[in-house]
Amino acid sequence: MWTTVLGLLIALLFSSSASLALDKIRIGLSSVSALHGAVWVAQEKGLFRKHGIEPEVIVVGGASAGGVSALIAGDVQFLSGAGEAVINANLRGADVIMVASVLNKGVQRLIAHAQFSAPADLKGRKIGITRFGTASHLVLQMMMQKWGMGPTDVQIIQVGSSPAMLASMEKGGIDAAVLTMPSIFVAEERGYRVLADLADMDIYYLNTMLDTTRWYLRAQRDQATRFIRGFVEGLAFFKKNKQESVEVLRKKLRTDPGREKYLELSYDLLANKFYDQVPYPSVRGVETVLEFIAKDNPKARAADPRTFIDGSIVKEIEASGFVEALYKK
């Protein structure tokens, strides 16, 4: 009996010691969105803990710009948010850097009433975005440039969220809109036409990146490496385990039963089209964003795209054979 009790006490002692040994890290998300699915999966499946990290995942206010402010203030150690916000802050002298990609390409699609069959048909028409200066606005400008259209060729209308834009289309308030998931699925289901899919346009947008500060990387490189290992393993788990990953999305997004089919559609897109096995931040994506920022910010014209990225930890993880081993299991 005493042997059993002693064994239990030793087990509890080691369990407590292991728990105390975990490094606590706070991760900020720019929104409540399926886009952050790999981060949630790494959290829920204990993959950060496996690498000695106790994660606290929070949603920061003010979208990606607010997240960058939280990063600079030290309120979070990592941010999962739009790369554009990090680039803008960096140009202002902020000590922020992109260390891995969540999505190097944008999930946005330009959805229009069925009567419009080509982008040129939208000349003079009303196109909805969330707000000026946001991701949807930048994405629309990128699409229009690709088509040889200028900002005066259409009427750009600030509407609000993707569901709000879809509702405005239903009422005839706008002719088209830049939507993201799951509203893109709802729109297609209702018979609207997809005029453009950003991910298929050879445009790298840096939709969602893992960001931190240079100071943190210098001071806590081992901790940062273990965190990114957990994230990379989260990507692999997400891509290889559909049912369990969809369950995590369902929990985090608190999805209504009638909309659960959109979770699977979101999963399929992320797992098969957007999540990379080796999540290097895209230099090409930085170049694309800088090109557009340069119209309003002269500093962007002279900026070296490589200075906004530190992919050294991802490179070390790949070189170690860790990623290859994950996909052999």
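Its first residue numbered 119, the sequence shown is counted upward by one per residue in the working numbering.
The beta-carbon is built from N, C-alpha and C at its ideal position, and this holds for glycine as well.
- Using a C-beta cut-off of 8 Å, the stretch 389-404 makes contact with the stretch 420-440, since at least three inter-stretch Cβ pairs fall below that distance.
- In the structure shown, the three-state DSSP call for residue 280 is helix.
- According to DSSP, residue pairing for residue 295 in a beta bridge involves 229, 246.
- For the 8 Å CB-CB criterion, residue 141 and residue 171 form a contact.
- Secondary structure at residue 206: helix, using DSSP grouped into helix, strand and coil.
- Contact check for residue 400 against residue 155 fails: the beta carbons are separated by 8 Å or more.
- Closest in alpha carbon position to residue 290, among 310, 208, 237, is 310.
- Per the coordinates, the alpha-carbon of residue 198 lies some 11 Å from the alpha-carbon of residue 204.
- The alpha helix (DSSP H) runs lying completely inside the stretch 135-193 and spanning 4 residues or more are 155-162, 165-168, 181-191, given in chain order.
- Spatial neighbours of residue 175 in its own chain (CB-CB distance under 6 Å, excluding positions within 5 residues in sequence) are listed in chain order as 145, 161.
- Ranking 251, 163, 331, 299 by CA distance to the CA of residue 371 puts 299 first.
- DSSP places residue 326 in the uninterrupted beta strand (DSSP E) bounded by 322-331.
- For residue 410, the uninterrupted alpha helix (DSSP H) segment begins and ends at 401-411.
- According to the DSSP assignment, residue 239 belongs to no beta strand (DSSP E), since it is labelled neither H nor E.
- Per the C-alpha coordinates, the member of 234, 326, 194, 150 positioned closest to residue 398 is 326.
- The Cβ-Cβ distance between residue 245 and residue 225 does not fall below 8 Å.
- As a beta-bridge residue in DSSP terms, residue 216 pairs with 329, 427.
- Looking at the backbone, the Cα of residue 165 and that of residue 342 are separated by about 14 Å.
- Taking the Cα positions, residue 167 is about 40 Å away from residue 228.
- If only complete runs of 4 or more residues are kept, the stretch 301-388 shows the alpha helix (DSSP H) at 301-307, 332-337, 339-358, 360-371, 378-387, in order along the chain.
- Annotation for residue 254: the continuous alpha helix (DSSP H) segment containing it runs 253-264.
- DSSP, reduced to helix, strand and coil, places residue 222 within a strand of the structure shown.
- In the DSSP assignment, residue 274 forms a beta bridge with 245.
- One thing to note: residue 217 has its Cβ within 8 Å of the Cβ of residue 346.
- A direct Cα-Cα distance of roughly 18 Å separates residue 215 from residue 435.
- Residue range 196-199 is occupied by the beta strand (DSSP E) that includes residue 196.
- DSSP places residue 417 in the uninterrupted alpha helix (DSSP H) bounded by 417-420.
- Three or more beta-carbon pairs separated by less than 8 Å are not found between the stretch 244-264 and the stretch 347-362, which leaves the two stretches without contact.
- Under the three-state reduction of DSSP output, residue 267 falls in the coil class, being neither helix nor strand.
- Taken through DSSP and simplified to helix, strand or coil, residue 286 comes out as helix.
- Judged by DSSP secondary structure, residue 396 falls outside any alpha helix (DSSP H); it is assigned neither H nor E.
- Taking all protein chains shown into account, residue 294 has 16 or more neighbouring C-beta atoms within 10 Å of its C-beta and is therefore buried.
- Distances from the CA of residue 269 to each of 259, 276, 275, 287 were compared; the closest alpha carbon is that of 259.
- Under a 10 Å Cβ-count criterion, residue 230 is classified as buried, with 16 or more other Cβ atoms of the shown protein chains found around its own Cβ.
- Just measuring C-alpha positions, the residue of 431, 410, 368 sitting nearest residue 152 is 368.
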